[in-house]
Amino acid sequence: MTMIEKNLQTVQARLAVACRSAGRERREVSLLAVSKTFGIDAVKQACAAGQTAFGENYIQEAVQKITALRHLNLQWHCIGAVQSNKTRLVAEHFDWVQTVDRLKTAQRLSEQRPAHLPPLQICIQVNADGGATKSGVLPQDALALAQQVAALPNLRLRGVMSIPEPAPDFAAACAVFASIKAVFDDLKAAGLALDTLSMGMSADLEAAIQSGSTMVRVGTAIFGGRAKVV
Ligand SMILES: *Cc1c(COP(=O)(O)O)cnc(C)c1O
Numbered sequence: 007m008t009m010i011e012k013n014l015q016t017v018q019a020r021l022a023v024a025c026r027s028a029g030r031e032r033r034e035v036s037l038l039a040v041s042k043t044f045g046i047d048a049v050k051q052a053c054a055a056g057q058t059a060f061g062e063n064y065i066q067e068a069v070q071k072i073t074a075l076r077h078l079n080l081q082w083h084c085i086g087a088v089q090s091n092k093t094r095l096v097a098e099h100f101d102w103v104q105t106v107d108r109l110k111t112a113q114r115l116s117e118q119r120p121a122h123l124p125p126l127q128i129c130i131q132v133n134a135d136g137g138a139t140k141s142g143v144l145p146q147d148a149l150a151l152a153q154q155v156a157a158l159p160n161l162r163l164r165g166v167m168s169i170p171e172p173a174p175d176f177a178a179a180c181a182v183f184a185s186i187k188a189v190f191d192d193l194k195a196a197g198l199a200l201d202t203l204s205m206g207m208s209a210d211l212e213a214a215i216q217s218g219s220t221m222v223r224v225g226t227a228i229f230g231g232r233a234k235v236v
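End of the sequence shown = 236 in our numbering, gap-free, step of one.
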């Protein structure tokens with residue numbers, strides 16, 4: 007058994023325990039394997055262990071992997087910042103973009119999505135902590151952006167994603183995740199048909215699942231530590 011396969015089993019066990027203690031079904035939470043900075047072989051090993059959805063932050067690096075592994079029919083999520091000059095590459099190669107926080111980006115992605123591909127699946131990135139330097143739309147601006155994005159022809163709005171600052175303990179993490187869940191619930195109450203709440207990473211997936219996450223994005227716990235701090 008490879009280290010990655012072993013790690014995936016450990017993460018799957020954590021997900022099972024977290025769902026059980028949250029009183030949720032295991033199938034309510036999907037696992038996104040964050041493969042940024044790791045090579046094609048690492049993705050192949052995870053795929054061989056049954057993992058099919060992968061998250062990437064760096065567009066150029068991701069496009070190389072996506073192209074090289076096209077035959078494996080993996081699902082690729084962009085979870086990094088999307089600069090205007092990268093929207094075409096993203097629209098042409100990814101299945102999901104979780105980091106939409108400006109209408110301009112969404113419009114370009116919609117315009118540049120190739121006609122032969124299904125709609126690009128979108129999450130609005132919400133800045134839950136309100137930190138001025140971080141990406142993500144502020145909670146009070148999320149509904150307006152979500153409604154505009156939902157109206158674009160070649161995108162399909164699926165939900166909300168957030169990357170809160172690491173919290174000091176479980177309760178504090180749950181409090182932040184609950185505030186993100188509240189944004190998600192508000193958008194649904196406003197009539198948007200959303201099914202994805204992307205929150206929780208290696209260190210805090212239990213708190214995220216307790217708070218209603220439907221997708222955790224896990225890198226380190228699957229692939230090991232990254233040389234580069236990102
Ligand atoms: C790197 C990254 C992750 C994975 O973080 P780990 O702590 O390694 O699990 C999840 N989400 C985003 C947006 C990331 O950039």
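Backbone N, C-alpha and C define an ideal beta-carbon position, used for all residues, glycine too.
- At the C-beta level, V17 and I228 come within 9 Å of one another.
- When rounded, the separation of the alpha-carbon atoms in T8 and A150 is 46 Å.
- Taken from the Cβ of R223, at least one heavy atom of ligand 1 lies inside 8 Å.
- Judged by pairs of C-beta atoms under 8 Å, the region 144-163 touches the region 104-116, as three or more such pairs exist.
- For the pair F44 and A52, the Cα-to-Cα distance works out to about 11 Å.
- At a cut-off of 8 Å, the beta-carbon of R20 does not count as near ligand 1: no heavy atom of the ligand is closer than that.
- Going by C-alpha positions, D191 is about 31 Å away from A68.
- Fully contained in the region 35-105 are the following beta strand (DSSP E) runs of length 3 or more, in chain order: 36-40, 59-62, 81-84.
- If you draw a 10 Å sphere on the C-beta of F183, you find 16 or more other C-beta atoms in it, and that means buried.
- Within the region 138-214, the runs of alpha helix (DSSP H) at least 4 residues long that lie entirely inside it are, in chain order, 148-156, 176-195.
- In this structure, I130 has its CB at a distance of at least 8 Å from all heavy atoms of ligand 1.
- Ligand 1 never approaches T202 closely enough for any of its heavy atoms to be under 8 Å from the residue's Cβ.
- Note that the C-beta distance between K42 and N63 is below 9 Å.
- Sequence-distant partners of A24 (beyond 5 residues in either direction) whose C-beta falls short of 6 Å from its own C-beta, in its chain, are E212, I215.
- Within 8 Å of the C-beta of S27 there is not a single heavy atom belonging to ligand 1.
- Comparing alpha carbon positions, the residue from S27, A87, A195, G218 closest to G206 is G218.
- With at least 16 other beta carbons inside 10 angstroms of its own, R223 counts as buried.
- Following the DSSP letters along the chain, one finds L126 inside the beta strand (DSSP E) bounded by residues 126-131.
- In this structure N133 is buried. Its beta-carbon is surrounded by 16 or more other beta-carbon atoms within 10 angstroms.
- Looking at the DSSP output, M221 sits in a beta bridge with S36, S204.
- Contact between V155 and A87 does not hold, since their C-beta atoms are separated by about 17 Å, which reaches or exceeds 8 Å.
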